[in-house]
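Everything on this sheet refers to the single structure shown next.
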Amino acid sequence: MQRKNPDKMNKIIEMATKLFSERDYHDVKLDEVARLSGVGKGSIYTYFKSKDYLFFKCLSHGVDEFTSKALQTIKNESFDGAFRKLISMFVEVLEIKGPMLASACKHGPKLKFSAEEHNEFISMTKQGIDVMTVAFKKGLDEGLLDDTFFSPRQMAIVFQGCFDISTAFIFHGELPLNEDQLYEVLMRIFKKQRLT
């Protein structure tokens, strides 16, 4: 049995993510992933049991990278600065990885994932909500947000929902709101109202 090389595995994920981000799932061929990764097609199966599993791992890797970057942003910025950057990061993901996200929406239910992978996918969604909950707690601590109607977790779910809806617009090649408009809409919902 061939030993697994983490660098080779990461290169395969990187090249597959690039291709899945440019094209529909069914238009990406493992031969091309192998060629761009500098490995034989058989080597892909050393690391990934199927194209479905490789696609899943590309999504998972992207969520892990995003989560790490988002938590660092929340830690190092004020809420307002972090919130603007997080919106920008989400929009960038939607724009750069649009076809991959569209494929996940369109083909996800038909892909063959194990029960463990389904649970990991649910965990990825929860991970995004957990990160945004941390951000909204920071906004409350800084006195910028109002938790009269929404808890930080509920705010995170609404935020996540905005991007889930936006993913649907990827199919049409456009986002319904730009970053500034999205920021304004969300802040109108969550911002602490000052009495004059």
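The numbering used here numbers the first residue of the sequence shown as 50 and each following residue consecutively. The beta carbon of each residue, even a glycine, is placed where N, CA and C say it ideally should be. Remember, predicted model here, so these are calculated numbers, not experimental data.
Problem set entry | Neighbourhood of V82 by C-beta, 7 Å cutoff - its chain only, sequence neighbours within 5 removed | I61, M64, A65, L68 and I93
Problem set entry | Segments of 4+ residues assigned as alpha helix (DSSP H) that fall wholly inside the stretch 69–154 | 79–86, 90–96, 100–125 and 128–145
Problem set entry | Pair within 9 Å by beta-carbon distance, F239 and D195 | In contact: F239 and D195 (Cβ atoms closer than 9 Å).
Exercise. Buried or exposed: which applies to K78, given that a residue is buried once 16 or more other Cβ atoms fall within 10 Å of its Cβ?
Worked result: Exposed, since its Cβ has fewer than 16 Cβ neighbours within 10 Å.
Exercise. Of all the options K90, H75 and M236, which has the alpha carbon lying nearest to the alpha carbon of M149?
Worked result: H75
Exercise. Ordered along the chain, which non-local residues of its own chain (more than five positions away) have a Cβ less than 7 Å from that of L231?
Worked result: Cβ within range, chain order: I136 and C211.
Problem set entry | Identified DSSP bridge partners for L194 | K240
Exercise. Does the beta-carbon distance from M173 to V112 come in below 9 Å?
Worked result: yes
Problem set entry | Reference F199; option with closest CA among M236, K146 and F97 | M236
For this session: Please confirm whether L193 and F128 have their CB atoms less than 9 Å apart.
Result: Yes; because the gap between Cβ atoms is below 9 Å, this pair is in contact.
Exercise. Sorted by chain position, which residues of the same chain lie with C-beta nearer than 7 Å to K100's C-beta, five sequence neighbours on each side aside?
Worked result: L79
Exercise. Within this structure, are the beta carbons of K134 and T122 separated by less than 9 Å?
Worked result: yes
Exercise. Is P201 buried or exposed, if buried means 16 or more other CB atoms sit within 10 Å of its CB?
Worked result: buried
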